[in-house]
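To start, the structure itself, in structure tokens.
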Amino acid sequence: LFNRLEDLPFPTIAAINGFALGGGFELALACDFRLIADKAAVGFPEVKLGIIPGYGGTVRAPRVMGVDNALKWICTGKHAKAGEALSLAAVDGIVAVDKLLQSSVKMLLDARSGELNYQARRAEKSQPVWLNDMERTMAFTAAKALVSQQAGPDYPAPMTALKAIEKHCVMDRDGASQVEIEHFVDIAFTDVAASLVGLFLNEQAVAKKARSHAKKAEKVQHAAVLGAGIMGGGIAYQSAVKGIPVLMKDVVQQGLDAGMQEASQLLGKLVERGKIPVKKMAESLNRIDPTLDYAGIDRADVIVEAVVENPAVKKSVLAECEKHLQDNAVLCSNTSTIRITELAGALARPENFCGMHFFNPVHKMPLVEVIRGEQTSDETIARVVAYASTLGKTPIVVNDCAGFLVNRVLFPYLAAFNQLVHEGADFQVIDRAMEKFGWPMGPAYLLDVVGIDTCVHAAGVLAEAFPDRMGITHTTAMQAMFDADRLGQKNSKGFYQYVPDKRGRIQKTPDEDVGKLLQPHVNAAKDFDGQDIVDRLMIPLCLEIVRCLDEGIVASPAEADMALIMGIGFPMFRGGACRYMNTLGVNEFCQRAEEFSGLGEQYKVPDSLQAMAKEGRNFY
């Protein structure tokens, strides 16, 4: 169809007035000319879905904008604003959007009169790319090294696109199009493509649900944070940088200073990278009002409590704060493990209370769990979802339980890690196996990053809530680190040690002392098969997701998978825990779980999953 458009017996032009991405940009490239509005953008996001352009994009882009530029755009999945598109010859001009149609008609008239040679444009796109053998070899050799390094083995689409372009750049349009189709078909039916396309659809579904909630809420005009420090400062920063004034309260000046320093450092980095001007940094800081008392908190529409993870302390702070609020203000807790219904017991208006669990670091992590307590009203959920969306976060509403969704699912994974180490596995071997599986970091490294003291506390809460699956029966490797005051990155030593290199960048390095510390708590060293390591850790995580779905903690596989990807870095190319079970096949997954059933309740397959396997059903 696009070839027929390109072959019409008169000149054509694409008037690009918005986002022409993927197929939209491929349509524009099939035209003889392209004019773009100053606020519009073009590009090829296909590799982010695990596929490659399939409507002639890999054929026309190298011939229009050069091989190097086309490879950069196609293999990274980036999109470009109007200025960059013009500088790389992807478009022929930039105009204001209200002049776009008029300017496009004029360009067509110039082409019809012969002032612009549209036939030459077509010939350029129909012929092989103008590169000699040496230029072609150099271009693709350099690109292969870069793409291989950036994409890695788990994301094959960028390298597939490169290979297609390398093969067909010496052909005419029709031959090149056939090569593109062959490579597209090869990549489109892989598990990675299914996972990434599914992830995109899940993201759309979650966003739609958030918009549905937010439509029912009034706009948040003022916010407040109880408890400064790193977390409170991060929440205050996120609110201020998005234009919402925020009061930040603490009981000591030192806490306020730490919170303001956190916000100032984050804004300073944006200035250094040219993301915002100094003026915006000053405006954002001025939106944060640090205070030691409650003066002004009665203006806040949403208040987020972020004090120490202790039920008694949180209840006291929440109850005291509630006395100073307007009647319809929404009070939230940033707790990561404590049940919202328990905390609500201290409040006079529990219907105005819910959980709002940010992930650390706040400015980087996209997920916010919005937790509905037993008495939380729909209006409260709607306002908090709207506030989270305004902050640029992805809110996912979950029901109340210890650990909520993400931490409840994460800790069986960490418990399985501790059990393997107890049985004699080398924690560095486990880390490497899980990183090879696709996690951004292995479980030992993750414990160091999160903070071993934080994880020990959370493990205790979950062990009390779910003793049959998460009970602790021996001194774990994690507990041994905590007892030795090895808290991870926060004090530069945990399972690994963290020391600055010559440039001052913190580096993770092995520490010989760890083996000695663990020795009294582990069995004799033992080798484990890589697949067994993966199964031992992944099966408890996946089964806990199934239980959360069964109990209604999370509403759908789509929301469950998005929460794990955004909250704990579940490998994107695997699509989430439900997608992972889907890809393996539910029956195959259940058979693998059965092999480890002797290890405890955490490996016992729920009846609902056994029924799915028996009936041949899947999550998607």
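For the sequence shown, the numbering used here puts the final residue at 605, and the numbers step up evenly by one.
All C-beta atoms, glycine included, are put in the ideal place defined by N, C-alpha and C.
Helix, strand or coil at residue i according to DSSP, with G and I counted as helix
i	result
T175	coil
D30	The amino acid at residue 30 is misidentified as Asp; the sequence shows Pro. Note: P30 maps to coil in three-state DSSP.
F451	coil
S477	coil
A604	Contrary to the premise, residue 604 reads as Phe rather than Ala in this sequence. Reduced to three states, the DSSP call for F604 is coil.
E359	coil
Y140	coil
D274	strand
H198	helix
L390	coil
R258	coil
E607	Lying before the first or after the last residue shown, residue 607 is absent from the chain, which here runs from -14 to 605.
L432	helix
Q622	The structure shown has nothing for residue 622, since the chain only spans -14 to 605.
T458	coil
H309	coil
C339	strand
K24	coil
E318	What sits at residue 318 in the sequence shown is Ser, not Glu. If DSSP states are grouped into helix, strand and coil, S318 belongs with the strands.
G78	strand
T494	strand
N403	helix
N567	helix
Reference residue i, options the options, closest by Cα
i	options	result
D433	K493, A448 and H459	K493
N345	G218, R417 and P(-6)	G218
Y481	D416, R368 and L522	D416
T175	N572, L528, Q595 and G560	G560
G62	V27, E600 and L(-10)	V27
F(-13)	Y605, P275, S162 and E257	S162
K378	V347, L395 and G388	V347
A483	A448, R532 and Y430	Rather than Ala, the amino acid found at residue 483 in this sequence is Tyr. Selected option, being the one with the closest Cα: Y430.
M156	P113, G570, T145 and V210	P113
Q474	D486, I491, K487 and G253	I491
L232	T276, A173, A450 and L251	T276
G9	I172, A(-1) and I553	A(-1)
M463	L503, I530 and A280	L503
Y279	V256, Q311, E257 and L252	Q311
G423	D498, I553, V394 and V355	I553
D(-8)	R106, V80, Q87 and D83	R106
G3	L(-10), D363, A65 and M119	A65
I282	V298, H309 and N295	H309
S362	V315, L376, F343 and P380	V315
Expected contact under 8 Å - CB spacing of residue i and residue j to nearest Å
i	j	result
E151	F125	5 Å
E165	G68	Actually they are not in contact, since the Cβ atoms of E165 and G68 sit about 28 Å apart, beyond 8 Å.
L20	L85	6 Å
M419	I437	Actually they do not touch by this definition, with Cβ atoms about 18 Å apart.
A598	C575	5 Å
D385	R324	6 Å
R521	L447	At roughly 18 Å, the Cβ-Cβ gap does not stay under 8 Å, so R521 and L447 are not in contact.
V355	I381	7 Å
Exposure of residue i, with buried meaning 16 or more beta-carbon neighbours within 10 Å
i	result
M123	exposed
T461	buried
S321	buried
T458	exposed
D468	exposed
V531	buried
S197	exposed
N102	exposed
A108	exposed
W115	exposed
P(-6)	exposed
D17	buried
D592	exposed
K260	exposed
K478	buried
K148	buried
K254	exposed
Interface flag, residue i vs chain D, CB-CB below 8 Å
i	result
D118	Absent from the structure: chain D. Only one protein chain is present.
Open item on the list: So, does the region 508 to 519 touch the region 347 to 354, judging by three or more C-beta pairs under 8 Å?
Closed with: no
TODO: Check whether the region 200 to 208 touches the region 576 to 585, counting contact only when three or more Cβ pairs, one atom from each stretch, lie closer than 8 Å.
DONE: no
Open item on the list: Pairs of beta-carbons, one from the region 406 to 420 and one from the region 501 to 509, closer than 8 Å: are there three or more?
Closed with: yes
Open item on the list: I'd like to know if the region 537 to 546 and the region 441 to 450 are in contact, where contact means that at least 3 CB-CB pairs between them fall below 8 Å.
Closed with: no
Task: At least three beta-carbon pairs within less than 8 Å, the region 213 to 223 to the region 302 to 313 - done: no
Open item on the list: Three or more C-beta pairs under 8 Å: does that hold for the region 358 to 376 against the region 283 to 293?
Closed with: yes
Open item on the list: Check whether the region 395 to 404 and the region 519 to 534 are in contact - that is, three or more C-beta pairs closer than 8 Å.
Closed with: yes
TODO: Examine the Cβ distances between the region 206 to 217 and the region 241 to 250 and report whether three or more of them are shorter than 8 Å.
DONE: yes
Task: Stretch pair the region 324 to 333 + the region 256 to 275: three plus CB contacts closer than 8 Å - done: no
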